[in-house]
Amino acid sequence: MFSRAYRTTITVPPLLWVAVFLLVPYLLMFCYSFWSVSDSGTIMHSWNLDNYKELLAKPVYWQTLLRSMWIAARVMFFSMLLGYPLAYFLSFHAGGRKDLYYQLVIIPLWVSYLVRAYAWKTILGTDGVLNTLLQYVHLTSHPLDFLLYSPFAVVLTLTHIYTPFTFLPIYASLEHIPRNLVEASHDLGATPAQTFWRVIFPLSIPGVLAGATFAFVLSLGDFLAPLLLGGPSGIMISNIVVSLFGAAYNWPLGAAISLCMLALVLALLFFSERLEKKWSFS
Amino acid sequence: MMATTIQSDTVSLLSIRSVAKHFGKNIVLRDISLEIAEGEFLTILGESGSGKTTLLRILAGFEQSTSGEVWMQGERLDTQPPYRRRVNTVFQHYALFPHMTVEQNVGYGLAIAKRPAAEIESRVAEALAKVKMSAYAKSKPPKISGGQQQRIALARALVNRPRLLLLDEPLSALDANLRRQMQVELKALQREVGITFIFVTHDQEEAMVMSDRIALLRSGELEQVASPREIYNRPATSYTAQFIGHTNLLHADIRHGMATCGALRWPTSLPDGKALFSLRPECIRPATAAPAANDAMVRFQARLRDQAFHGATDLLRVESDGGLILTIRTASRDLPDRLLEFEFSAGDAIPVRATSLGSNSTSEDRA
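Chains as they are written, first to last, in my numbering: chain W, 1 to 282; chain G, 1001 to 1367.
Here it is in structure tokens:
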């Protein structure tokens, strides 16, 4: 057994960190969401539900939230569509090059998020790489303007950024499948396709759920991609929160939106974890 | 290498013809030829690294042979993918699908073959009854014990009525008692269903108990293929003699029909020169008071070095006059003196070809 002093030394600092930088801010936000701002711009510490009522009353808030969820859902879908086959190929068919390919998938994660978002701006812009190319080969006569400053640009950028995050858990769950199960399935007469749908895919569901949750939750809370590439039609809920805490100076309303998002995300995580447990068989 | 012959009244099911397997520069199997009869229980016995698992994987289709052919009932087998072969495998670590119930595991092959639901249900129930696992039909494999998983794996393979069942060290993960029980059950089951079994093991005792024939593999080559009795009583090589049971290896000089090894002399029909003989420990016994009536009995004196209790028998280590150390297995416990007289029948000294014991294998056995 470890001594009491030792246990205190190693557990207290992280607990303190979590308390000061996580629990206290959340608690403050919780309080703020029930306060209000006076016309002169001071925070009134009178407890009421006005902020939550306003969220329900004004369509702009819940419409933006729905749009954000729709963008996040598309990002989730496309990053699964890219991440799963990639993970499957690496795990089952990459042979000796597995480690190399794995590194190639991971390396983009080392590049700053901002750099990658700006890269897409350069590619998608009116005078960007893509439009210049399309005009050069005479596929279009005018620059395509839906490419940048649109939900399309946001979905594309977020998919690019979060695909490695969906890839990783799927790859991990595929790597955990004992290869003799695949052999047993072939041995019992199942073709490679039947083996995939009856054995490999069901056993990779925990990874799929974890990856999908990552992509959805991370995209839902994103504010940089819509800020840089979204334009007016690509605004997401976090952009509203940012402006409420910033220029609009309405911390109480911003806190109320944040708490609603937090509740949504926690509910999602809860259900995804329940499902993952249901589909894990070790 | 001993020629493999099939008795004329049996039908050959599987024919392995000059199969070799190289992994890069490693030669794992070389020139394996073997005929396996319909309904036979054949054991491929060998140390780890001998290539036995690789040979089984070639038959199942998980591994391609580098050269040679495998034929089953007039059809080329080794060119077909595993899912087209009428061969099923019981895997070393069972390989049950963890997300399916026991019932679904056993019915997997039939469902893939698109059999009607009613037929699947009755055949699964029958297979589970055969391995005494009906009570666990709705359980999930991770919840049941190793021995039970083993039975399910067996039912899952047998329910498809394969022509050939391959078993890759299926009992190696079980504890000793359960293992012995399963050996008996498996053998009885094989007789009952009449399916040809090819059983891979490194355990020579297991091979002896269960098999009709044993194919002993050494460093990727067949050392000897024979019935358990024959392979034990008439080992062809010193490797076989040492690997299967215990033996005394006697390096003898032969002159004028008499073999000499230390103080031991016995008649032989071999020509003059040097020869290696195998003499099983149980073939030597303490000499009886009366002098040997027939001169084929060889007598010698030896000093007892140590004695180990092995239940029904004792294992003695004795040193004969010439300094030769022999191992003797005997049921008699009351040995009168430290200096004793022993005897053995000259016919029990079996001439063997010298092949080295110990693995000079080229690669690890692929488990």
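Glycine is no exception: its CB is placed at the ideal position from the N, C-alpha and C atoms.
Source: prediction; values computed, not measured.
Cβ-based burial, residue i [other Cβ within 10 Å; buried from 16]
i: isoleucine 1044 (chain G); result: buried
i: histidine 138 (chain W); result: exposed
i: isoleucine 1195 (chain G); result: buried
i: leucine 1034 (chain G); result: buried
i: histidine 1310 (chain G); result: exposed
i: alanine 215 (chain W); result: buried
i: aspartate 1365 (chain G); result: Residue placement at aspartate 1365 (chain G) is poorly supported in this model, since its pLDDT is 34, which falls under 50; the coordinates are not used for a value here.
i: glycine 1358 (chain G); result: Summary for glycine 1358 (chain G): the model assigns pLDDT 46, below 50, so the residue's position carries little reliability; its value from the coordinates is reported in the next sentence. It is exposed - the Cβ of glycine 1358 (chain G) has fewer than 16 other Cβ atoms within 10 Å.
i: phenylalanine 1300 (chain G); result: buried
i: lysine 1052 (chain G); result: buried
i: isoleucine 106 (chain W); result: exposed
i: tyrosine 1136 (chain G); result: buried
i: isoleucine 1016 (chain G); result: buried
i: proline 192 (chain W); result: exposed
i: tryptophan 1266 (chain G); result: buried
i: leucine 124 (chain W); result: buried
i: tryptophan 47 (chain W); result: exposed
i: isoleucine 161 (chain W); result: buried
i: asparagine 1088 (chain G); result: buried
i: arginine 1255 (chain G); result: exposed
i: leucine 1128 (chain G); result: buried
i: aspartate 39 (chain W); result: exposed
i: glycine 1061 (chain G); result: buried
i: arginine 1224 (chain G); result: What sits at residue 1224 (chain G) in the sequence shown is glutamine, not arginine. When all chains shown are included, glutamine 1224 (chain G) counts as buried.
i: tyrosine 6 (chain W); result: exposed
i: aspartate 287 (chain W); result: Outside the displayed range of chain W (1 to 282) lies residue 287 (chain W), so it cannot be described from this structure.
i: serine 1122 (chain G); result: exposed
Amino acids of chain G, ordered along the chain, whose beta-carbon sits closer than 8 Å to that of residue i
i: proline 178 (chain W); result: His1093 and Ala1095
Listed by chain order, chain W residues near residue i by CB distance under 9 Å
i: tyrosine 1083 (chain G); result: Ser185, His186, Asp187, Leu188, Gly189, Ala190, Thr191, Pro192, Gln194 and Thr195
i: lysine 1025 (chain G); result: Those do not exist, as lysine 1025 (chain G) stays about 16 Å from chain W at its closest Cβ, beyond 9 Å.
i: phenylalanine 1041 (chain G); result: Within chain W, no residue comes near phenylalanine 1041 (chain G); the closest Cβ sits about 20 Å away, beyond 9 Å.
Limits of the unbroken alpha helix (DSSP H) element including residue i
i: lysine 121 (chain W); result: 113-124
i: proline 202 (chain W); result: 201-220
i: methionine 261 (chain W); result: 251-278
i: glutamate 1205 (chain G); result: 1204-1210
i: alanine 1095 (chain G); result: First-last for alanine 1095 (chain G): undefined, no H or E at that position.
i: arginine 1057 (chain G); result: 1052-1060
i: proline 192 (chain W); result: 192-195
i: isoleucine 237 (chain W); result: 237-245
Endpoints, beta strand (DSSP E) assigned at residue i
i: leucine 1166 (chain G); result: 1164-1168
i: histidine 1022 (chain G); result: 1012-1023
i: phenylalanine 1277 (chain G); result: 1273-1279
i: isoleucine 1032 (chain G); result: 1026-1037
i: arginine 1299 (chain G); result: 1297-1310
i: leucine 1326 (chain G); result: 1325-1330
i: threonine 1288 (chain G); result: Counting along the chain, threonine 1288 (chain G) falls outside any beta strand (DSSP E), and DSSP gives it neither H nor E.
Where residue i meets chain W, residues with beta-carbon distance less than 8 Å
i: lysine 1140 (chain G); result: Phe281
i: alanine 1060 (chain G); result: Glu183 and Asp187
i: leucine 1089 (chain G); result: It should be noted that the sequence gives threonine, not leucine, for residue 1089 (chain G). Neighbours of threonine 1089 (chain G) on chain W, chain order: Glu183, Ala184 and Asp187.
Under 7 Å by beta carbon: chain W residues contacting residue i
i: phenylalanine 1197 (chain G); result: None at all; the shortest Cβ gap to chain W is about 15 Å.
Query raised in the report: Mind pulling the alpha helix (DSSP H) runs of 4 or more residues that sit fully within the stretch 10-74 of chain W?
Result: The alpha helix (DSSP H) runs of length 4 or more contained entirely in the stretch 10-74 of chain W are, from start to end of the chain, 24-32 and 50-57.
Query raised in the report: What residues from the stretch 180-206 of chain W come within 7 Å of chain G, judged by C-beta to C-beta, listed N to C?
Result: Of all residues in the stretch 180-206 of chain W, only Asn180, Leu181, Glu183, Ala184, His186, Asp187, Leu188, Gly189, Ala190, Thr191, Gln194, Val199, Pro202 and Leu203 place a beta-carbon less than 7 Å from a beta-carbon of chain G.
Query - Near-chain W residues of the stretch 1092-1120 of chain G (beta-carbon distance less than 7 Å), N- to C-terminal order - result: Answer in chain order: His1093, Ala1095, Phe1097, Pro1098, His1099, Tyr1108, Gly1109, Ile1112 and Ala1113.
Query - Proximal residues, the stretch 1151-1162 of chain G versus chain W, C-beta separation under 9 Å - result: Per Cβ criterion, the list reads Ala1153, Arg1156, Ala1157 and Asn1160.
Query raised in the report: Where in the stretch 101-188 of chain W do unbroken runs of the alpha helix (DSSP H), each at least 4 residues long, occur, reported from the N-terminal end onward?
Result: DSSP assignment within the stretch 101-188 of chain W yields the following whole alpha helix (DSSP H) runs of 4 residues or more, N-terminal first: 113-124, 129-136, 151-175 and 179-187.
Report task. Would you mind listing the beta strand (DSSP E) stretches within the stretch 1182-1263 of chain G that are 3+ residues and don't spill past its ends, in chain order? Result -> Listed in chain order, they are 1196-1201, 1213-1218, 1221-1226, 1248-1255 and 1258-1261.
Query raised in the report: Which runs of the alpha helix (DSSP H) spanning at least 4 residues fall entirely within the stretch 1099-1158 of chain G, listed in chain order?
Result: Counting whole runs of 4 or more residues, the stretch 1099-1158 of chain G contains the alpha helix (DSSP H) stretches 1102-1112, 1117-1130 and 1146-1158.
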